[in-house]
Amino acid sequence: MARVTLEHVTKQYEDVTAVDDMNLEIEDGEFVCLVGPSGCGKSTTMETIAGLTKPTDGTISIGELDVTKLPPKDRGVAMVFQNIALFPHMDVYDNISFGLRLRDYDTDEIDRRVERATEIVQLDGMLDRMPDEMSGGQRQRVAIARAIVRNPDVFLMDEPLANLDAKLRVHMRTELQRLHKELDTTIIYVTHDQAEAMTMSDRIAVINAGELQQIDPPLVCYNEPSNLFVAGFIGSPSMNFVEGELVDNGLQTGSFHIEFDTSSLVGVSVGDPVTLGIRPEDVYLVDRGRDIAAPTKPIPVETDVLEPMGNEVFVYLRVGDSGGRSMAEAEERGATSGPTGQLLMSLDSDTEIMEDQAVEVVLDRTNLHLFDADSGQALVHGIETLGRSGLGEGTTQTGAETDT
Amino acid sequence: MTPPPNSTFENPPRTGIVGLGNIGQYHADRLLDLGVDLVGGMDVVADARERFGRRYGVETYESHAPLYDTVDAVIITTPNRYHEEYTVEALEAGIHVLVEKPLAHSLESAARMLEAAHESDAICMVGFNNRFRNTVRIVRNRIERGDLGEVKHIEANYVRRRGVPGRGSWFTRRSVAGGGALIDLGVHAIDLALYLLEYPDITEINGVTRTEFGIREDYAYLEMWGEDQGPDGFDVDDSASAFVRCGGDRTISLEVAWATNRPANHQFVVRGTEAAATFDLLEGDLAIHSASTTGINHLEDTTVQASQNDTHTDEQRAFFEAIDAGTGLEDSVDQAYAVQQVVDGIYRSSEHGGCVVVPEDD
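Each protein sequence line maps, in turn, to chains A and B.
Residue 153 in the working numbering sits at position 153 of the first sequence; the count goes up by one each step and never skips.
Residue 1281 in the working numbering sits at position 281 of the second sequence; the count goes up by one each step and never skips.
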């Protein structure tokens, strides 16, 4: 068990900065997921910790030891990868004990450790099987057991479940949580699957373009994303984004107005472009919105496509003229939601609703996020705390049709 | 067998050979030249064991375990598919390994070997002997001195006109070799090109592999290495062309063939911003080409002459020197893995019909 510290770690390839001035402190015994889109630098970050890649700059410490220049075998880490690298000519026992035999442990000690590891990953009775006689899930358990027997200070796992089928992946997720609880060791886990990150981590480190965007517990990343990228990346389906402009008494988008006291916002002033973020579950049909404490004024919309998911239904809403920025521009700022002029709402599956229906929706002010549209940085999470300016809130003259 | 008195090393490691075919014997002969203590051999084929034992007067074994009990180092010259098993077992036992090229028959196997090499304290070297050619050493030295400026492009040719190895031997069977001309000859050309570029990051590969000659009943040739069992024993590529893009837009154009309709070509062209080097890998002819404004504008072609050397001997010497020093060759398997990534990328590109990125997963 050990704390892992990255200080100003940069990995520069000839044309590309894969990791850019990364600072991370992972506590002893913590389960941290590194998440981000393909090519964001999460695997490279992991490789620098493992010792498989030498950073161009910066230092990496495990415990009190500066390991930046140490080879992988001397770092006290054990790795599990996506591609299950079992030696095909060795049986399960030999595969699991491979690292121990290299280090000249005596046979009794090796047996004891293999026995304990196979118990933990529930592979008892399979020690003489060959890898090609096992399923993908079993092979991945062998790979994990091989990591366990080394009693590492830190487990490094790079998408270890990516090649398993969906059902097994969910099962292995709970197994890994159990493993973490049982071993009480530091685990650093790379994944692009945010469901894995949300369910397993103590903290999530969201990485984009080689830079750390936020490191916080899953629900903090979800409820208080530090910028547009994190807001769009964490949560499925993604947060809605609507482009607008800060006006005297709140936010004016192309089709509706949200009232709040702008004076307490720091870093932006009237006239600045601001992006509104709202999660699909914080958009309500107007009559259901009466149940929430702080609804906005009704916004007239028209339903578009419905996506029934069984337990809920996703409803795409057309919201008047967008008047805002294009999707491409929004994406440039890291947002991954749909185009402005469209909102996604999630409803209980028993809600009566049809396509192409004119309805009114309200947004939950306590879960409404504002971002500086230029920098992408979060301005506030929940505008109810800002207070209202006293002016009315509602649709504008140029807003959508209101024939509800 | 005691080491000959002319031993180059103070404590020559007790060395064994795994895979006692032609290349195994070739290595054994060079071991004796170097004064290294050859103590035994292992092969699953009884004839090979018997021949080797008789020729070198050492113990031979059907399995690797008893050999590994008696050696400090092994040279692995088995068919590609078996490199992993013998290498990993040796590294695990703390035995130093010189494994013949290519690293493995597949990228997955190569990855496992890389992991084992990282884990082990023993030295593991992959036998890209052409690096040790005197002409190559001179070119590399010129590059390090900056004589060529920045090397931007390498034309790497390893082209035989008619040189398919014994059809039906392991070389021409995908399940054992992992490929044909590309994995047999191509790895030499790829390693040399990357070596002269000082192993840059590889980004993108576009390649085609072809199977045009080995499958013919009427394959016309003058000489064949090994016995010809006809086209039924042939299921691999016999030529390949590829374009490899590396970091900094440095590039390699690769031509490899066991057989193709053009004269044989082993020419390497190393194009730098200040000068170029051209050499023939087999003949050794080396020239440096530059241009100058000094005095009157002129072009300059300098011929460089060097003696021919035995590349396998020099490769072995580097291996045993590293063992002696307890360090060196740390990048050997990583670089051989990069070569394997290029080989795999060319096969993927050929199958996919377009460019592929390396590594496969982002």
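Think of the CB as a built atom: it goes at the ideal place given N, C-alpha and C, for glycine as much as any other residue.
Remember, predicted model here, so these are calculated numbers, not experimental data.
- Closer than 7 Å to the CB of Gly1178(B) there is not a single CB belonging to chain A.
- The straight-line gap separating the alpha-carbon atoms of Ser1175(B) and Leu70(A) is approximately 38 Å.
- Using a Cβ-Cβ cut-off of 7 Å, Ala1111(B) counts as an interface residue toward chain A, since at least one Cβ of chain A sits closer than that to its own.
- Under the DSSP definition of a beta bridge, Ser1253(B) partners with Glu1155(B) and Phe1243(B).
- Here the alpha carbons of Pro160(A) and Met1042(B) stand approximately 37 Å from one another.
- Along the segment 16–50 of chain A, going in chain order, the ones with a CB nearer than 7 Å to a CB of chain B are Ser38 and Gly39.
- Within the segment 1006–1086 of chain B, the complete alpha helix (DSSP H) segments at least 4 residues long are 1022–1034, 1046–1056 and 1064–1068, listed from N- to C-terminus.
- Along the segment 225–253 of chain A, there is no position whose C-beta sits under 7 Å from a C-beta of chain B.
- DSSP links Asp1324(B) through a beta bridge to no other residue.
- Under DSSP, Gly1168(B) forms no beta bridge with any residue.
- Under the three-state reduction of DSSP, Ile1190(B) is assigned to helix.
- Contact of His1064(B) with chain A by beta-carbon distance below 9 Å is absent, the smallest such distance being about 11 Å.
- At the C-beta level, Phe1268(B) and Asp1238(B) stay beyond 7 Å of one another.
- For a cut-off of 8 Å, the C-beta gap from Val1358(B) to Leu1114(B) is around 15 Å, too long to register as a contact.
- In chain order, Met22, Asn23, Leu24, Ala205 and Val206 place their CB closer than 8 Å to the CB of Leu212(A), counting only its own chain and leaving out the 5 sequence neighbours on each side.
- When beta bridges are read from the DSSP output, Phe241(A) appears opposite Gly277(A).
- At a cut-off of 7 Å between beta-carbon atoms, Glu14(A) makes contact with chain B.
- Taking a C-beta distance under 7 Å as the contact criterion, Tyr93(A) and Leu127(A) qualify as a contact pair.
- When CB distances to chain B are screened at a threshold of 7 Å, the residues of the segment 96–122 of chain A falling below it are Phe98, Gly99, Arg101 and Leu102, in chain order.
- DSSP places Val190(A) inside the beta strand (DSSP E), whose first and last residues are Thr186 to Thr191.
- Interface with chain A (7 Å Cβ-Cβ cutoff): Ser1120(B) is included.
- The C-beta of Asp1201(B) comes closer than 7 Å to at least one C-beta of chain A.
- In the same chain as Leu1299(B), and ignoring 5 residues on each side of it, the C-beta atoms closer than 7 Å to its own belong to Ala1291, in chain order.
- Distance between Cys221(A) and Phe233(A), taken at the CA atoms: about 10 Å.
- At least one C-beta of chain A is nearer than 7 Å to the C-beta of Glu1092(B).
- In this structure, Ile292(A) lies near Asp364(A), with their beta-carbon atoms less than 7 Å apart.
- Taking Asp272(A) as reference, the option from Asp287(A), Met200(A) and Thr253(A) with the minimal CA-CA separation is Thr253(A).
- Taking a 10 Å sphere around the C-beta of Ile1183(B), we find 16 or more other C-beta atoms and assign the residue as buried.
- Distances from the CA of Pro1012(B) to each of Ile1023(B), Leu1020(B), Leu1031(B) and Gln1025(B) were compared; the closest alpha carbon is that of Leu1031(B).
- Between the segment 2–18 of chain A and the segment 1183–1195 of chain B, the count of C-beta pairs closer than 8 Å stays below three; the two stretches do not touch.
- Here Ser43(A) carries a helix assignment [DSSP, helix/strand/coil].
- Shown here for Leu86(A): same chain residues with a beta carbon closer than 7 Å to its own, the five before and five after excluded, namely Asn95, Pro131, Arg139, Val142 and Ala143 in chain order.
- No residue range can be given for Met130(A), since it is assigned to no beta strand (DSSP E) and is classified by DSSP as neither H nor E.
- Cβ-Cβ distances below 6 Å link Gln357(A) to Thr303 in the same chain, with the five nearest sequence neighbours on each side left out; the list follows chain order.
- Considered as a whole, the segment 1098–1148 of chain B harbours 1107–1119 and 1134–1145 as its complete alpha helix (DSSP H) runs of no fewer than 4 residues, in chain order.
- Exposure of Glu1274(B) is indicated by the presence of fewer than 16 other C-beta atoms within 10 angstroms of its C-beta.
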